[in-house]
Structure formats: structure tokens, C-alpha cells
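Below: the structure, in C-alpha cells.
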Amino acid sequence: MTSTGIRLHAPAPGWSIDADVVVVGSGVAGLTAALRCEAAGLTTVVVTKARLDDGSTRWAQGGIAAALGDGDTPEQHLDDTLVAGAGLCDEEAVRILVTEGPDAVRRLIATGARFDESGDGGLELTREGGHHRRRIAHAGGDATGAEISRALVEAVRARGMRTVENALVLDLLTDAEGRTAGVTLHVMGEGQHDGVGAVHAPAVVLATGGMGQVFSATTNPAVSTGDGVALALRAGAEVSDLEFVQFHPTVLFLGPDAEGQQPLVSEAVRGEGAHLVDADGVRFMLGQHELAELAPRDVVAKGIVRRMLEQDAEHMYLDARHFGAEMWENRFPTILAACRAHGIDPVTEPVPVAPAAHYASGGVRTDSRGRTTVPGLYACGEVACTGVHGANRLASNSLLEGLVYAERIAADIAATGLHTRVPQPLPTAERPAHPLLPPEARLAIQRIMTRGAGVLRSEESLAEAADRLHRLHADARDALDENGKTAEPGVDTWEATNLLCVARVLVEAARRREETRGCHWREDRPGRDDTAWRRHIVVRLNPDRSLAVRTTDTTDFPPTLPQAQEQ
Numbered sequence: 079m080t081s082t083g084i085r086l087h088a089p090a091p092g093w094s095i096d097a098d099v100v101v102v103g104s105g106v107a108g109l110t111a112a113l114r115c116e117a118a119g120l121t122t123v124v125v126t127k128a129r130l131d132d133g134s135t136r137w138a139q140g141g142i143a144a145a146l147g148d149g150d151t152p153e154q155h156l157d158d159t160l161v162a163g164a165g166l167c168d169e170e171a172v173r174i175l176v177t178e179g180p181d182a183v184r185r186l187i188a189t190g191a192r193f194d195e196s197g198d199g200g201l202e203l204t205r206e207g208g209h210h211r212r213r214i215a216h217a218g219g220d221a222t223g224a225e226i227s228r229a230l231v232e233a234v235r236a237r238g239m240r241t242v243e244n245a246l247v248l249d250l251l252t253d254a255e256g257r258t259a260g261v262t263l264h265v266m267g268e269g270q271h272d273g274v275g276a277v278h279a280p281a282v283v284l285a286t287g288g289m290g291q292v293f294s295a296t297t298n299p300a301v302s303t304g305d306g307v308a309l310a311l312r313a314g315a316e317v318s319d320l321e322f323v324q325f326h327p328t329v330l331f332l333g334p335d336a337e338g339q340q341p342l343v344s345e346a347v348r349g350e351g352a353h354l355v356d357a358d359g360v361r362f363m364l365g366q367h368e369l370a371e372l373a374p375r376d377v378v379a380k381g382i383v384r385r386m387l388e389q390d391a392e393h394m395y396l397d398a399r400h401f402g403a404e405m406w407e408n409r410f411p412t413i414l415a416a417c418r419a420h421g422i423d424p425v426t427e428p429v430p431v432a433p434a435a436h437y438a439s440g441g442v443r444t445d446s447r448g449r450t451t452v453p454g455l456y457a458c459g460e461v462a463c464t465g466v467h468g469a470n471r472l473a474s475n476s477l478l479e480g481l482v483y484a485e486r487i488a489a490d491i492a493a494t495g496l497h498t499r500v501p502q503p504l505p506t507a508e509r510p511a512h513p514l515l516p517p518e519a520r521l522a523i524q525r526i527m528t529r530g531a532g533v534l535r536s537e538e539s540l541a542e543a544a545d546r547l548h549r550l551h552a553d554a555r556d557a558l559d560e561n562g563k564t565a566e567p568g569v570d571t572w573e574a575t576n577l578l579c580v581a582r583v584l585v586e587a588a589r590r591r592e593e594t595r596g597c598h599w600r601e602d603r604p605g606r607d608d609t610a611w612r613r614h615i616v617v618r619l620n621p622d623r624s625l626a627v628r629t630t631d632t633t634d635f636p637p638t639l640p641q642a643q644e645q
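The numbering used here puts the sequence shown at residues 79 to 645.
Put into C-alpha cells, the structure is as follows:
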């Protein structure tokens with residue numbers, strides 16, 4: 079691994095904290111990693127971009143998947159996951175997920191998470207797309223993420239763990255040998271510190287969540303701007319499979335010009351028997367897949383878009399009027415309230431829905447212990463690419479992945495003695511090599527990506543997106559190279575710059591993958607090509623800010639670190 083030497087333009091750190099481990103992110107992955115590290119006796123600091131409970135986890139409605147029901151087995155869960163992943167899952171990574179998952183959920187319950195129970199006192203399990211069994215544990219009807227977040231945040235606070243809230247992570251600190259030495263961050267006017275500072279630690283765990291804000295319409299909160307992936311790229315880490323962005327099929331349609339975070343209508347609604355219909359009431363998913371509305375998400379999203387194109391319609395409908403008021407109020411109170419807030423009553427009318435960007439199946443490449451290609455840098459949750467999801471995430475596997483791989487990371491840090499190394503970070507560069515984009519570039523990037531790299535892609539649309547993104551990149555680069563000028567450092571400009579970084583990688587990977595697979599849909603390459611493309615696309619950032627792209631020889635990832643660099 080060779081560091082790029084690239085850093086965001088930012089003031090030098092004015093304060094610092096020392097720790098054994100710094101965890102960046104406060105969703106299920108980040109807080110689980112932090113709690114397990116603290117339990118192992120490691121001094122742990124949690125850095126999060128907003129408040130502790132403001133990440134993507136709290137928005138998860140459906141639940142967490144694990145083989146916890148009668149007659150269900152990890153092997154059946156594995157089979158469903160491999161099918162959804164469309165030939166690109168790392169089978170060993172999936173096997174770890176499904177075999178360690180049930181006990182990880184039980185430990186989450188022991189931490190304080192309260193899941194909905196059936197009449198006999200056991201877990202009430204539901205079913206979602208791609209699952210052949212009821213194996214989705216849920217809480218508060220459709221508020222699973224909020225309950226998990228509550229339990230983990232309370233556990234962190236009860237242990238008195240040090241946290242830095244309202245803090246945007248900027249860049250990775252490394253020592254003279256290229257090993258992790260901490261992070262720089264900016265506290266946004268609130269919290270324990272203000273301005274740019276640093277946390278010095280020999281182990282950094284990225285759990286920063288997704289990058290849905292790279293598109294105009296997404297289910298992701300405003301903080302999901304790909305910061306972790308961009309930081310890892312600048313640090314020299316490899317990312318993989320960024321072309322596989324899952325578009326959730328059923329997002330509340332608020333109009334053709336709606337932008338930003340959109341209300342999700344959980345897949346569990348279909349799991350309980352809701353139907354997808356067109357304006358004439360026709361169930362168009364029948365005959366398209368054996369599971370109809372409960373097919374894997376890529377199949378359903380494509381089915382909706384095809385019907386929209388056929389009928390020149392802006393959306394389809396989700397019809398669950400047959401549930402009745404009592405079921406809506408008890409099983410899906412959050413969704414019911416969101417719909418009514420926008421003037422739609424699911425009890426009496428079908429809900430208008432359309433796909434929107436939801437989940438990044440790719441991310442920072444890791445091994446089975448969460449290690450990236452940078453010594454001392456770990457990643458888990460949506461920011462990571464463990465190989466579990468392949469070309470399309472199976473519904474409700476994300477919370478489970480966050481749990482399982484966060485626990486494995488904590489165990490690895492404790493077992494290897496990585497935390498005993500005293501980090502000696504190199505000084506930050508006086509003249510940064512990475513220009514900042516103006517705040518208005520964020521909207522431009524989102525519109526470019528939605529138009530050219532959304533649900534339906536082609537060589538023409540991707541080439542246009544790549545060209546427009548390159549112009550944004552070149553304009554900022556040329557201004558810096560010619561006169562040393564860049565946009566004023568600040569949260570808006572850092573976020574816009576991170577979004578451009580991940581957008582460029584996503585579009586380049588999507589152009590390279592000349593096939594349709596999972597949630598990557600090329601209308602000019604409609605077939606799946608296992609001979610040429612049953613492999614991964616790996617990208618890293620060169621010191622000159624160009625992209626180095628390669629494909630793996632097989633579906634297996636090469637090791638992340640040489641044996642000599644493992645500690």
C-alpha cells in the first residue's frame with residue numbers, strides 16, 4: 079500500500095485526544111465496535127458527524143435478518159443471500175455472517191434492545207424480499223433502527239465512553255511507515271471542542287455509513303456524503319464494487335422534483351401482503367419472479383421502472399388497503415405517520431412509490447476481520463465492502479453485517495496487540511494536494527448522478543456523467559494548480575469534495591462493468607456475463623488524483639495486507 083499524500087484543505091489541528099482506538103460513526107456498526115473495544119479494555123473514542131443517534135441506523139424500518147425462527151437455519155439464510163448477491167458474494171464472508179449472526183442478535187438484546195415479541199414470548203419474525211422464510215426481527219412495528227440505536231447509545235453513555243459529536247472526520251493520520259496514527263476532524267460549533275483537531279490512535283475504525291446523498295433522491299439522511307470512502311481513498315486504501323448501489327423499490331413519491339432524503343416504505347409492508355400495482359390496479363410483478371413483490375430488491379426496482387417506462391408514468395403504487403386501520407396503526411405506525419404527513423392515507427388509498435438510492439453494497443475493501451489495505455485502518459457497516467452483499471444486498475442483512483463484523487474488528491484489535499503501538503503521526507502537509515469544491519457543486523453532482531448513473535444506466539449516460547464530473551474536478555484542480563486558490567474550507571465544501579470523489583469512482587466502475595448484474599442495470603448491456611464479469615472492480619486513488627482501476631481474477635478478493643504488515 080502506498081499513501082497518496084492527498085489531504086483535504088483544512089487548518090492544522092489545534093487540539094488532540096489520545097486513544098487506543100477511534101471509531102468514526104455511531105450507527106449499529108460503530109457503536110457495537112466501540113462497546114466491544116471498551117469491553118476488551120481498550121481506550122476508545124467515538125467520533126460522529128451529528129448526534130450519537132443521528133446516523134442511518136435509526137432510519138432502518140424493516141428489521142434485522144438472522145436464522146432465529148423454528149425450522150430456519152444459517153444454511154438457508156446463506157442460500158438466500160447468495161442468490162440476491164447475483165454471483166458476486168464472497169461465500170466465506172456470508173457464512174461468517176449467517177453463522178455468527180444469531181448470537182450477535184442475542185448479544186444485542188442483552189445490551190438492551192427490545193424486539194417485538196409474539197404471543198408465546200418469542201421473537202415475532204416477518205419476511206422481506208428475497209427471503210424464503212420469516213427471519214426478520216423487528217422493533218416498534220417499523221422502528222427497528224430507532225430501537226437499536228437507542229439501546230446502543232444508552233449503553234455507550236452508561237459506560238462513560240468518550241464521544242465527540244457534531245464532528246466531520248477529515249483525513250487519516252499515518253506514521254513514517256504508512257501505518258494508521260489517528261484522524262483529523264472538525265467539530266461543527268458544538269460539542270467538546272471547536273474547530274479542527276485530531277484523535278491520535280493506532281487503530282481507526284471507519285463506520286461512517288453510506289453515500290446516498292450522491293443522488294438527488296435518497297432514503298439516506300443528509301449526513302450520508304461518502305466521507306469514509308473518500309477518506310480511505312485519500313489514505314491509499316482500495317475500494318470495491320461501488321457500482322452496486324441499491325435503489326429501494328418503494329420510496330414515497332413526493333413529486334418529480336423532490337430532492338434530498340425521502341420517506342421509505344419498508345419492504346416489510348410487502349412482506350405482510352401489500353401489492354405493487356399500476357394506475358389501473360394491475361399487479362405487474364406477477365409472472366416476473368417466483369416471489370412476485372417479494373423478489374430481491376433489484377428485481378422489484380427494475381420491474382417498477384419498466385412499468386413506468388411502458389406507461390410513461392412517474393411512479394407506481396403500493397396497495398395495502400386490505401390491512402385495515404388497526405394493522406397500519408400497530409404494525410407500521412412510522413410509515414403511516416409519514417404518509418399522512420404528506421397527504422396520503424394508506425388505509426384508504428394506494429401509496430405512490432418509486433425507487434430511490436438506498437444502500438451502497440460496495441465500499442472500502444476489507445477482509446474477514448474488517449482490515450483494509452491500510453495497516454491499522456478498519457471498516458465495517460455500509461462504508462465497508464466485506465463481500466457479504468455481492469451485487470445486491472439481501473433485505474435486512476445490513477444491520478446484521480454491522481453487528482457481526484464490528485465484533486470481529488474489536489476482537490482482532492485486542493488479539494493482535496495493535497493498540498499497544500504508540501502512534502507517531504507525520505505532520506499534516508502545509509500545501510494540500512486536494513482542491514475543495516464550492517458548496518453549490520453538491521447539487522450539480524447529485525443531478526449528474528441521478529441523470530447518468532441512477533437505476534437505469536448506459537454507456538452514453540455514464541460517459542456524459544463522467545465528462546461532467548471530470549469538468550467539476552478539473553476546474554477545481556486547475557484553480558489550485560494555477561494560483562493556489564481553492565474554495566473556503568468548511569463543512570459544505572468538504573462534503574461536496576467527498577461527494578465528487580465517490581461519484582467519480584462509482585461512475586468509472588459502472589462504465590467498466592459492461593453487463594447487467596444485481597442492482598447495476600445497463601440498458602445497453604442487458605445480459606449477465608459470468609465469463610467476463612463474475613469478478614470485482616477495485617479502485618484506488620493515485621497521488622495525481624487520477625483513478626487506478628483493476629478487476630480481480632475471480633470472485634475472491636486478494637488479501638488486504640501482506641503478512642508482514644498485519645500488525
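Even for Gly, the Cβ is constructed at its ideal location relative to N, Cα and C.
These numbers were taken from a predicted model, which means no experiment stands behind them.
Short Cβ contact (7 Å threshold) for residue i with residue j
i           : j           : result
residue 550 : residue 578 : yes
residue 382 : residue 327 : yes
residue 97  : residue 121 : yes
residue 567 : residue 280 : no
residue 317 : residue 307 : yes
residue 83  : residue 621 : yes
residue 171 : residue 596 : no
residue 580 : residue 292 : yes
residue 108 : residue 285 : yes
residue 101 : residue 112 : yes
residue 574 : residue 623 : no
residue 314 : residue 476 : no
residue 249 : residue 514 : no
residue 181 : residue 217 : no
residue 374 : residue 470 : yes
residue 594 : residue 613 : no
residue 401 : residue 533 : no
Nearest candidate by alpha-carbon position, reference residue i, set the options
i           : options            : result
residue 255 : 441, 449, 544, 499 : 499
residue 635 : 440, 557, 600, 516 : 440
residue 488 : 145, 282, 136, 217 : 282
residue 434 : 290, 446, 304      : 290
residue 348 : 371, 364, 341      : 371
residue 542 : 523, 609, 608, 557 : 523
residue 506 : 232, 230, 418, 259 : 259
residue 220 : 462, 136, 180      : 136
residue 403 : 387, 103, 380, 427 : 427
residue 205 : 147, 161, 490, 153 : 147
residue 422 : 446, 395, 448, 298 : 395
residue 92  : 565, 467, 153, 272 : 272
residue 457 : 479, 468, 472      : 479
residue 455 : 639, 629, 619      : 639
residue 486 : 178, 232, 536      : 178
residue 358 : 391, 339, 445, 409 : 391
residue 449 : 299, 611, 496      : 496
residue 617 : 609, 627, 152      : 627
residue 637 : 474, 493, 464      : 464
residue 253 : 278, 231, 334      : 278
residue 110 : 215, 227, 167      : 227
residue 251 : 452, 334, 130, 342 : 452
Sheet register partners of residue i (DSSP bridge)
i           : result
residue 195 : 201
residue 487 : Paired residue(s): none; residue 487 is not in a bridge.
residue 550 : DSSP, once it has assigned bridges, lists no residue as partnering residue 550.
residue 250 : 261
residue 463 : 443
residue 96  : 278
residue 471 : Looking at the DSSP assignment, residue 471 forms no beta bridge with any residue, so it has no partner.
residue 122 : 99
residue 283 : 101, 456
Distance cut-off 6 Å: residue i Cβ against heavy atoms of the ligand PLP
i           : result
residue 566 : Inclusion of the ligand PLP in the displayed structure is not the case, the ligand content being empty and no account of it being possible.
Rounded distance between the beta-carbons of residue j and residue i, thought under 8 Å
i           : j           : result
residue 345 : residue 295 : Not quite, the Cβ-Cβ distance comes to about 18 Å (not below 8 Å), so this is no contact.
residue 48  : residue 552 : Here the chain comprises residues numbered 79 to 645, so residue 48 is not present and cannot be evaluated.
residue 123 : residue 240 : 5 Å
residue 331 : residue 431 : 6 Å
residue 425 : residue 397 : About 11 Å; that fails the 8 Å criterion.
residue 481 : residue 186 : 6 Å
Cutoff 7 Å: residue i Cβ touching any chain B Cβ
i           : result
residue 296 : Of the protein chains in this structure there is only one, and it is not chain B.
To test your reading of the DSSP string, which unbroken beta strand (DSSP E) runs of 3 or more residues are found completely within the region 313 to 376? Listed in chain order, the beta strand (DSSP E) runs fully inside the region 313 to 376 are 323 to 330, 353 to 355, counting runs of at least 3 residues.
Residue ranges of each alpha helix (DSSP H) within the region 137 to 225, 4 or longer: Correct list: 152 to 162, 169 to 189.
Give, in chain order, every unbroken run of the alpha helix (DSSP H) that is at least 4 residues long and sits entirely within the region 394 to 444. Taking 4 residues as the shortest admissible run, the region 394 to 444 contains the following complete alpha helix (DSSP H) segments, listed from N- to C-terminal end: 402 to 409, 411 to 419.
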